[in-house]
Amino acid sequence: MSKPFTPKVVTANALLEGDVIYLTADDQWSRSLKDAEVIEDAAHGDLRLLHAASQPGEVVGAYLADIRLTDDGPEPTHFREEFRTKGPSNYAHGKQELA
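Note that this note's numbering has the sequence shown beginning at 1078, numbered continuously upward.
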């Protein structure tokens, strides 16, 4: 028996800057998880992942990441994804400067 599908978002890294990015419903890339299209169907997730993979000049390493829906929008369910939302960990810059 297969595991039930849980909500997901398409995430990747921006090719030039390396920032974590999320695919939006209007086919744009955002650096904010709150802007990401929430995918609630496996077939739709596969199509969106194919769309992301067709942009090798913009993104690298696209995959579906599990999320949970909250009143504030999507939130990561795994510590790796939570860690990625904070930006690089080698020193404070970018998103970490704001924390």
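Where is the CB? At the ideal position from N, CA and C, for every residue including glycine.
Since we're looking at a predicted model, the values are computed, not measured.
Since G1134 is in the alpha helix (DSSP H), which residue starts that stretch and which ends it?
Counting along the chain, G1134 falls outside any alpha helix (DSSP H), and DSSP gives it neither H nor E.
Assign K1163 to buried or exposed, taking buried as 16 or more other Cβ atoms, counted over all protein chains shown, within 10 Å of its Cβ.
That one is exposed.
If D1104 sits next to H1128, beta carbons under 8 Å apart, how far is it from one beta carbon to the other, in whole angstroms?
The pair is a contact, with the Cβ atoms about 7 Å apart (cut-off 8 Å).
Between W1106 and the rest of its own chain, which residues show a CB-CB distance below 8 Å, the 5 nearest in sequence each way excluded?
Around W1106: A1089, A1091, I1098, Y1099, L1100, E1135 and V1136.
Going by DSSP, name the residue or residues bridged to A1091.
Looking at the DSSP assignment, A1091 forms a beta bridge with V1136.
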